[in-house]
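First comes the structure, then the notes that go with it.
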Amino acid sequence: MDNRSVRRGRTGAARHLLLAAALLACSSQLLLVDANSWWSLGLMPIQRPEMYIIGAQPLCSQLSGLSQGQRKLCQLYQDHMTYIGDGAKTGIKECQYQFRQRRWNCSTVDNTSVFGRVMHIGSRETAFTYAISAAGVVNAISRACREGELSTCGCSRAARPRDLPRDWLWGGCGDNVHYGYRFAREFVDAREREKNYPRGSPEHARTLMNLHNNEAGRQAVYNLANVACKCHGVSGSCSLKTCWLQLADFRRVGEFLKEKYASAAAMRIGRKGKLELEDKRFNTPTAEDLVYIDPSPDYCLRNETTGSLGTQGRLCNKTSEGMDGCELMCCGRGYDQFKTYKHERCHCKFHWCCYVKCKRCTSLVDQFVCK
């Protein structure tokens, strides 16, 4: 009997009553959220899959931010919703990490639009956001399959790599990136495919841009997955190895997509209603590349129309010549200096056996913020 069967067998009447009470408590909170995108699932508490046993369909219809097609998928795959929320949260956090030292730092504005009006502009920053969010869903669903949390998938059934040594075993419980990729494509792209803008219109161009960047994010997770192996044998002799498919650390996915952001291709809608390069001298972007259709707004000053938060009050590095430096971060407006206390662990010593004991040191340091 597998783990999923055991898990189902433990579900009793008393548990159902507790779940019903919890569901009623949480659904009242969900009704208050009016989101414009499925990204909002990353900012709201979504209950574990068991919470959907009772009253699943009403809950799916009330989850704000879902398009009509995404709500239907929610009803069919109720246990997936928690992990879609986890994927959105992972994508948001990784976006904020990758852009933490830039003028646009991927800030979330509220629980409704998540990133605010800045997403209305088809810029390269928007391209990265779509890609990293789609990647987050692939990552979360693939892991949930391996851990036996979803009813429609299990461990990876990827074919044995041809270059794997003959005496190594293949078939450990791997991350099911194939299923994660397929499900993320259906769910994330559903919103874009439901739109019916005139072919060749600016709105149609934006839809094509979103779909392309969604795919680039999924491709990043899929292609960066690799073979992991574990040794078996007496005294660690590694006379035998068991191998499986394993997702790359998501930080690596974020770094890969950040590189694609830097080389993103400027596109425009062509006569045939398809995206084409603005500058024909560059190579046509592949499915792994990011594309954008609008120039980036000025992130230096706060602008309610574009959604830019500006850089006033942002910390900067006085000695850096990069984007985190005070000259670039503050856009030439100058900066203010103040002193603050910094607390950190210090004078750490290892004690036998087996712990490390540290002291807490306090120092006065200079900080710089943009005017």
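In terms of full-length UniProt numbering, the sequence shown has 4 at position 4, counting the first letter as 1, and numbering is strictly consecutive. Beta carbons are placed, not taken as given, at the ideal position from N, Cα and C, and that holds for glycine.
Does the separation of the CB atoms of residue i and residue j fall below 7 Å?
i, j, result
"residue 387", "Ala135", "Since the first residue of the chain shown is 1 and the last is 371, residue 387 is not available in this structure."
"Ser156", "Asn139", "no"
"Glu192", "Asn210", "yes"
"Leu290", "Ala88", "no"
"Cys370", "Tyr335", "yes"
"Trp170", "Arg162", "no"
"Gly116", "Arg199", "no"
"Tyr83", "Ile132", "no"
"Leu245", "Gly174", "yes"
"Thr311", "Met329", "yes"
"Ile46", "Gly91", "no"
"Gly270", "Glu276", "yes"
"Gly69", "Ser37", "no"
"Leu309", "Ser151", "no"
"Cys361", "Glu344", "yes"
"Trp352", "Lys241", "no"
"Thr284", "Pro297", "no"
"Leu224", "Ala262", "no"
"Asn196", "Tyr130", "no"
"His342", "Ser320", "The question names His, but residue 342 in the sequence shown is Lys. Contact: no."
"Val118", "Val188", "no"
"Cys326", "Phe368", "yes"
"Glu203", "Ser67", "no"
"Gln337", "Asp294", "no"
"Cys229", "Cys238", "no"
Per DSSP, residue i is paired with what?
i, result
"Val44", "For the sequence presented, residue 44 should be read as Met rather than Val. According to DSSP, Met44 bridges with nothing at all."
"Met267", "Leu277"
"Asn317", "Gly325"
"Val291", "Ala265"
"Arg302", "Leu309"
"Ala228", "Trp244"
"Phe368", "Cys316, Gln337"
"Trp170", "Cys243"
What residue range is occupied by the uninterrupted beta strand (DSSP E) comprising residue i?
i, result
"Thr90", "Careful: Thr90 lies outside any beta strand (DSSP E), inside the alpha helix (DSSP H) at 81-98."
"Cys243", "240-246"
I'd like the span of the alpha helix (DSSP H) that includes residue i, first residue to last.
i, result
"Phe128", "124-146"
"Thr207", "202-224"
"Leu257", "250-262"
"Gln70", "68-76"
"Ala184", "177-193"
Return the Cβ separation of residue i and residue j in integer angstroms, given the expectation that the two are a contact with Cβ distance under 8 Å.
i, j, result
"Cys243", "Leu164", "6 Å"
"Ser122", "Arg206", "According to the sequence displayed, residue 122 carries Gly and not Ser. Contact flag correct, Cβ pair sits at about 5 Å."
"residue 377", "Gln78", "The structure shown does not extend to residue 377, since the chain is modelled only from 1 through 371, so no value can be given for it."
"Ser40", "Asn105", "About 19 Å; that fails the 8 Å criterion."
"Lys260", "Ala216", "7 Å"
"Ala190", "Leu73", "7 Å"
"Val356", "Cys348", "5 Å"
"Gly254", "Glu94", "4 Å"
"Cys43", "Val114", "The sequence as given places Leu at residue 43; Cys does not occur at that position. Between Val114 and Leu43 the Cβ distance is about 6 Å, and since that is below 8 Å, they are a contact."
"His80", "Phe183", "7 Å"
Residue i: beta carbon under 6 Å from a heavy atom of the ligand ATP?
i, result
"Asn223", "The ligand ATP is absent from the structure shown, which contains no ligand whatsoever."
Can you find a CB in chain B that lies within less than 7 Å of the CB of residue i?
i, result
"Ala144", "Going by chain labels, chain B is absent from the structure shown, which holds only one protein chain."
- Task: May I have a chain-ordered list of the alpha helix (DSSP H) segments no shorter than 4 residues that lie completely inside the region 324-365?
- Result: If we require 4 residues or more, the alpha helix (DSSP H) runs fully inside the region 324-365 come out as 326-329.
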